[in-house]
Structure formats: structure tokens, C-alpha cells
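Participant: Residue numbering for the sequence shown follows the working numbering, starting at 50 and increasing by one per position.
All residues carry an ideal CB built from backbone N, CA and C; glycine is no exception.
On a predicted model such as this, the values are computed, not experimentally measured, just so you know.
Dropping the structure in here first, questions after.
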Amino acid sequence: MIRRWREACRRAALRFCVLPLLAGGLPPAATAGPAGPLAPVVARSAAASRPAALASPEARLIEIYQLIHDGDTRRALARAEALTRDVPNFQLAQLVHGDLLLARRQPLPALGAAPAELAASAPDQLAQLRQEAGLRLAALTERPPSGALPRQFLDIPVSTRHAIAVDASRSRLYLFANDAKGLHLIADHYVSLGRLGVDKKEQGDQRTPLGAYFITSRLTPQQVAEFYGPGALTLNYPNEYDRRRGKTGGGIWLHGVPPANFARGPQTTDGCVVLANPDLQRLLREVSPRRTPVVIAPKLEWVAPAQVERERNAARAMIEQWRVARSQGDAARLLSFYSPQFQSGTADLAQWSQQVDKELRATRGRSAELKEMSILSWRDTGEVLIVTFGEVLSGQVTGPLKRQYWGKEGGQWKIFFEGVIL
50 MIRRWREACR RAALRFCVLP LLAGGLPPAA TAGPAGPLAP VVARSAAASR
100 PAALASPEAR LIEIYQLIHD GDTRRALARA EALTRDVPNF QLAQLVHGDL
150 LLARRQPLPA LGAAPAELAA SAPDQLAQLR QEAGLRLAAL TERPPSGALP
200 RQFLDIPVST RHAIAVDASR SRLYLFANDA KGLHLIADHY VSLGRLGVDK
250 KEQGDQRTPL GAYFITSRLT PQQVAEFYGP GALTLNYPNE YDRRRGKTGG
300 GIWLHGVPPA NFARGPQTTD GCVVLANPDL QRLLREVSPR RTPVVIAPKL
350 EWVAPAQVER ERNAARAMIE QWRVARSQGD AARLLSFYSP QFQSGTADLA
400 QWSQQVDKEL RATRGRSAEL KEMSILSWRD TGEVLIVTFG EVLSGQVTGP
450 LKRQYWGKEG GQWKIFFEGV IL
């Protein structure tokens with residue numbers, strides 16, 4: 050539909066080819082005043098410098114919007130023609146190209162002002178493309194504060210080389226690298242989310258889950274249908290906090306799009322997080338399963354590293370108390386850290402107590418070290434800490450990888466799940 054519209058716009062514009070391109074930019078109705086469809090979008094890019102590297106299709110699109118804002122529609126049209134030639138399946142670029150062609154002959158009544166017969170054939174598609182344009186520009190021009198981190202990443206060990214955060218309000222995925230200096234943002238990408246929004250509660254509700262998750266596996270092109278692009282990264286939804294609240298469903302992936310598409314509309318998935326295939330390929334190359342955290346938030350809260358450090362130290366101190374009780378073999382003290390509603394598989398607290406007592410007798414006198422510990426924080430209607438570590442007893446080189454979920458109960462932190470991660 051978008052290509053047909055662009056060709057219709059081209060034909061309409063060519064009928065008026067005796068008119069010069071507007072030297073001063075788009076017509077006033079198209080760029081200025083409350084009725085101007087491009088004004089609320091491109092004005093946000095005015096204060097931002099142009100992208101330093103224009104290799105990605107998205108960065109090239111943003112430059113086109115910047116040129117429109119600057120009134121340089123001749124160059125904008127040339128860049129749009131080049132972008133649609135190089136990436137013919139980038140529908141939003143086709144939309145902008147059509148706008149620029151149509152603007153040669155008349156003011157634009159709306160962003161993506163398709164001829165009536167074409168607009169009527171796919172109104173939802175046009176609405177999604179208009180929303181996509183606004184989201185891409187807002188996310189790229191209203192950047193996270195320099196050096197700030199999502200508050201959910203309390204403690205990420207150096208052995209975990211990446212972390213991922215998704216801001217649902219911006220349809221944006223942020224990729225962080227992790228090294229001896231800590232987390233730092235290295236890339237961010239537009240993503241598509243659930244048709245009916247976020248906060249998944251049950252199977253088939255077409256919503257994207259909110260929470261702190263981990264990548265569990267990497268799927269190759271041979272393991273997925275062409276619909277999912279070059280592969281997928283699977284998430285551990287529902288996690289133990291989700292299960293505690295009765296949430297159901299599964300099969301939540303980070304995946305790509307069919308070869309015929311460059312991207313999908315902001316709300317067009319059955320609940321997965323969907324990226325353009327080049328963006329997904331980077332994640333598939335760089336991101337490791339099992340330990341890589343993926344936070345999906347309704348809106349990311351960016352905080353200064355000093356605030357993260359304070360919360361990290363408090364969490365570490367609490368977990369250290371648990372470790373000391375575990376190392377000393379003090380069953381009563383150790384079990385005081387666990388919730389009355391504790392559940393691990395089929396074991397409730399009473400059954401878990403018997404298992405703990407047996408383990409403590411078998412390992413008495415052998416202290417436990419917690420290796421490569423990560424701590425994620427999640428807050429919605431409650432507060433949760435997700436703690437992952439390798440438990441290594443003295444005299445051993447390695448040990449099991451364990452994960453605990455701590456929740457606030459009556460103002461006290463209690464463990465409501467603990468298990469080995471296979």
C-alpha cells in the first residue's frame with residue numbers, strides 16, 4: 050500500500066513539475082502552526098545535532114526529518130529517494146518520501162497524507178506508521194541522561210557482558226555493555242510490542258510482559274519460521290514473581306521480522322519484542338543466554354550511578370547475612386530469611402526446611418561463597434529483588450548456579466523462591 054501511495058504521489062507531483070521546489074521548506078500548512086502535521090515531530094529534532102554516523106536506516110531517516118525542519122526539502126527529497134532505493138522495505142521511509150513528493154504541489158493536510166482511496170484501504174497501517182515516526186524521533190532526540198542507568202540494574206557481574214532494557218512508552222530497546230568500569234549504553238533500537246499494550250497476564254492476551262527477565266536460549270534461523278527473521282532470543286516469562294501472581298502464557302521472544310519488512314508498527318505483536326533484522330542480528334551475535342538480564346518497563350527510570358550504588362550496597366548487606374547463616378549451618382537463622390509462602394517447584398516451606406536441614410548437616414563447617422552475583426530490582430505493586438549467583442563451597446572450584454526471588458512482606462525482605470538454574 051505504501052509503495053502504491055508513493056507512486057501516486059510521484060505522479061501527482063510530476064504533473065506540477067514546472068513548479069520549483071519550495072526553497073524555504075515545506076509549505077506553512079505543513080510545517081508551522083497547530084495544523085502542521087510535521088511540526089510536532091520535526092521540532093523535537095531541532096535542538097539535537099545530526100547523527101554523526103548515517104549508516105543505519107533509522108539514522109538516515111532522522112537526518113531527512115532534520116533537513117525538513119531546516120527547510121532544505123531539496124536535499125531531504127534526495128536523501129529520501131536514496132533511502133527508499135537502498136532499503137525498499139522500510140515503509141516509514143516510503144511514507145516520508147511520499148510526503149515530500151506530495152509537498153511539491155500542495156500543502157500537506159496530515160503526516161502521511163495518502164490519496165483518499167489508498168488511505169481508506171489501510172487506515173490502521175497509516176496510523177501505526179505515523180505513531181512509529183513520532184516514537185523514533187522522540188527516542189532519538191530526548192536521550193537518557195549521560196551516565197545514568199535504569200534503576201533495575203543494581204548489580205551486574207563483569208562476567209555478564211551485556212544487559213538489555215526496554216522502555217515500552219518509547220518502543221525502544223537499550224543495549225548496555227558491561228566491563229570493569231560498569232554498565233554503559235552502546236546502542237538503542239526501535240521495537241514493536243503487543244497489539245493490546247503491555248502488562249501481560251494470561252495466555253493469548255496479546256500483551257508484552259512487564260518485569261525483569263533473563264535470556265534463556267538463542268534460536269537460529271533453522272529453528273524458527275521465516276516470519277521471525279534471522280533468529281530469536283527467548284525470555285523466561287513467566288518468571289517466579291509472575292507465577293506467584295497467577296500470570297500465565299509463554300513463548301515471549303526477542304525476534305525479527307519477515308524479509309519483506311524492515312520493521313513493524315509500534316503495537317503489532319502477540320506479546321513479543323520485535324526488532325528490525327539488522328538490529329536483532331547484533332543481539333544474536335553479542336548477547337549470551339542464561340545470565341543476560343532483560344528488563345521490560347512501562348517507562349524506564351534513569352538514575353545516577355550513586356543511587357544505584359546505595360541500593361546495591363543495601364541489597365548486598367542483606368544477602369551477606371543470608372550467606373553467613375548458610376555458612377555457619379544455623380538452620381533456624383537461615384530459615385528466618387524465607388517467606389511462609391515460599392515455593393520451589395512442588396516444595397513448600399515445610400518441605401524446603403527438611404531439605405535445608407539435610408544440606409546443612411552434609412556441608413557443616415564448609416563456608417559458602419557467592420560468585421558472579423547479579424541483583425535486579427523490580428517495583429510495581431510490590432518490591433522484588435532477583436538474585437543470581439554461583440554457590441561455591443570451600444574446597445570446591447565450582448558450584449550450582451542459583452536464583453532467589455526476594456519480596457517485601459510486612460516491610461521485611463523474605464525469599465519466596467530459590468532454585469538451581471540449569
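Does the ligand SAM have even one heavy atom less than 7 Å from the beta-carbon of G243?
Facilitator: Summarising the ligand content, the structure contains no ligands, and the ligand SAM is consequently not present.
Participant: Report the CB separation of R256 from D237 in whole angstroms; it is logged as a contact under 8 Å.
Facilitator: For the purposes of this step, residue 256 is identified with residue 207 of the sequence shown, where counting begins at 1. For the purposes of this step, residue 237 is identified with residue 188 of the sequence shown, where counting begins at 1. In fact, because the Cβ distance is near 23 Å, the residues do not count as touching under 8 Å.
Participant: Distance, Cα to Cα, H146 vs A214?
Facilitator: Residue mapping note: residue 146 aligns to position 97 of the sequence shown, counting from 1. Residue mapping note: residue 214 aligns to position 165 of the sequence shown, counting from 1. Going by the C-alpha atoms only, they are around 32 Å apart.
Participant: I need the DSSP call for A309, collapsed to helix, strand or coil.
Facilitator: Mapped onto the sequence shown, residue 309 falls at position 260. Coil, per DSSP.
Participant: With distance defined between alpha-carbon atoms, name the residue in K296, S423 and W427 nearest to R452.
Facilitator: Indexing the sequence shown from 1 puts residue 452 at position 403. Closest by alpha carbon: S423.
Participant: Would you call K457 buried or exposed, if buried means 16 or more other Cβ atoms sit within 10 Å of its Cβ?
Facilitator: Here the question's residue 457 lines up with position 408 in the sequence shown. K457 comes out exposed.
Participant: Which of the three DSSP states is assigned to G456 in this structure?
Facilitator: For the purposes of this step, residue 456 is identified with residue 407 of the sequence shown, where counting begins at 1. Three-state result, G456: strand.
Participant: In this structure, does DSSP put D204 in helix, strand or coil?
Facilitator: Position 155 of the sequence shown, counted from the first residue, corresponds to residue 204. DSSP places D204 in strand when its eight states are reduced to three.
Participant: Exposed or buried, L471, counting other C-beta atoms within 10 Å across all chains shown (16 or more means buried)?
Facilitator: By 1-based counting over the sequence shown, the position of residue 471 is 422. Per the 10 Å Cβ criterion, exposed.
Participant: Please report the residue range of the beta strand (DSSP E) in which A366 lies.
Facilitator: Here residue 366 refers to the residue found at position 317 of the sequence shown. Where A366 is concerned, there is no enclosing beta strand (DSSP E), although the alpha helix (DSSP H) it sits in stretches over P354 to Q377.
Participant: Please list the segments of the beta strand (DSSP E) lying wholly inside the segment 422-469, counting only runs of 3 or more residues, in order along the chain.
Facilitator: Here the runs fully enclosed are 432-442, 450-458 and 461-469.
Participant: Could you give the residue range of the alpha helix (DSSP H) that holds S402?
Facilitator: The residue given as residue 402 occupies position 353 in the sequence shown. Run containing S402: L398 to A411, per the alpha helix (DSSP H) assignment.
Participant: Straight-line CA distance for W455 to L434?
Facilitator: Here residue 455 refers to the residue found at position 406 of the sequence shown. Here residue 434 refers to the residue found at position 385 of the sequence shown. Going from the Cα of W455 to the Cα of L434 covers about 5 Å.
Participant: Give me the Cα-Cα distance between E467 and Q392, rounded to the nearest whole angstrom.
Facilitator: Taking the first residue of the sequence shown as 1, we reach residue 467 at position 418. Taking the first residue of the sequence shown as 1, we reach residue 392 at position 343. About 8 Å.
Participant: Please go through the segment 247-281 and give each complete beta strand (DSSP E) segment of 3 or more residues, from N-terminal end onward.
Facilitator: Here the runs fully enclosed are 260-268.
Participant: May I ask which residues mark the beginning and end of the beta strand (DSSP E) holding R340?
Facilitator: Numbered from its first residue, the sequence shown carries residue 340 at position 291. Neither: R340 is in no beta strand (DSSP E) and is coded neither H nor E.
Participant: From the DSSP output, in three-state form, read off V136 for me.
Facilitator: Stepping through the sequence shown from its first residue, residue 136 is reached at position 87. Correct three-state label for V136: coil.
Participant: How would you call F276, buried or exposed, if buried means at least 16 neighbouring beta carbons within 10 angstroms?
Facilitator: The residue you call residue 276 lines up with position 227 of the sequence shown. By the 10 Å Cβ count, F276 comes out exposed.
Participant: Based on the DSSP output, what are the partners of P199 in its beta bridges?
Facilitator: Here residue 199 refers to the residue found at position 150 of the sequence shown. Answer by DSSP bridge pairing, in chain order: W351.
Participant: Suppose the cutoff is 6 Å on Cβ atoms and the five residues either side in sequence are ignored; what does the same chain contact list for W371 look like?
Facilitator: Residue numbering aside, residue 371 sits at position 322 when the sequence shown is read from its first letter. Cβ neighbours of W371 beyond the five flanking positions: F386.
Participant: Which two residues bound the contiguous alpha helix (DSSP H) that contains Q177?
Facilitator: Walking along the sequence shown from the start, residue 177 turns up at place 128. Q177 -> alpha helix (DSSP H) spans P172 to T190.
Participant: Assuming Y290 is part of the beta strand (DSSP E), what are its boundary residues?
Facilitator: The residue given as residue 290 occupies position 241 in the sequence shown. Looking at the DSSP string, Y290 is not in any beta strand (DSSP E); the run it does join, the alpha helix (DSSP H), is E289 to R293.
Participant: Can you find the residues in the same chain that come closer than 8 Å, C-beta to C-beta, to L383, ignoring five residues on each side of it along the sequence?
Facilitator: Here the question's residue 383 lines up with position 334 in the sequence shown. Around L383: W371, A374, R375, V405 and L409.
Participant: Grouping DSSP H, G and I as helix and E and B as strand, with all else coil, what is P100?
Facilitator: In the sequence shown, counting from the first residue as 1, residue 100 sits at position 51. Summary for P100: the model assigns pLDDT 43, below 50, so the residue's position carries little reliability; its value from the coordinates is reported in the next sentence. The answer is coil: DSSP assigns P100 none of H, G, I, E or B.
Participant: Do you know how far the Cα of A346 is from the Cα of L324?
Facilitator: In the sequence shown, counting from the first residue as 1, residue 324 sits at position 275. In the sequence shown, counting from the first residue as 1, residue 346 sits at position 297. If I take the Cα positions, the gap works out to 17 Å.
Participant: Helix, strand or coil for Q390? Go by DSSP, reduced to three states.
Facilitator: By one-based count along the sequence shown, residue 390 stands at place 341. It is coil, neither helix nor strand.
Participant: G74 to T190, Cα distance in whole Å?
Facilitator: The sequence position of residue 74 within the sequence shown is 25, counting from 1. The sequence position of residue 190 within the sequence shown is 141, counting from 1. Unreliable placement is indicated for G74, whose pLDDT of 32 sits below 50; the coordinate value is still reported in the next sentence. Straight-line Cα distance between these residues: approximately 21 Å.
Participant: Which residues in the same chain have their Cβ closer than 8 Å to the Cβ of S388, if we skip the five residues on either side of it in sequence?
Facilitator: Against the sequence shown, residue 388 aligns to sequence position 339. The answer, listed in chain order, is L398, G456, E458, K463, I464 and F465.
Participant: Could you compute how far the alpha carbon of A309 sits from the alpha carbon of T412?
Facilitator: Start at 1 with the first residue of the sequence shown, and residue 309 comes out as number 260. Start at 1 with the first residue of the sequence shown, and residue 412 comes out as number 363. Cα to Cα, A309 sits roughly 58 Å from T412.
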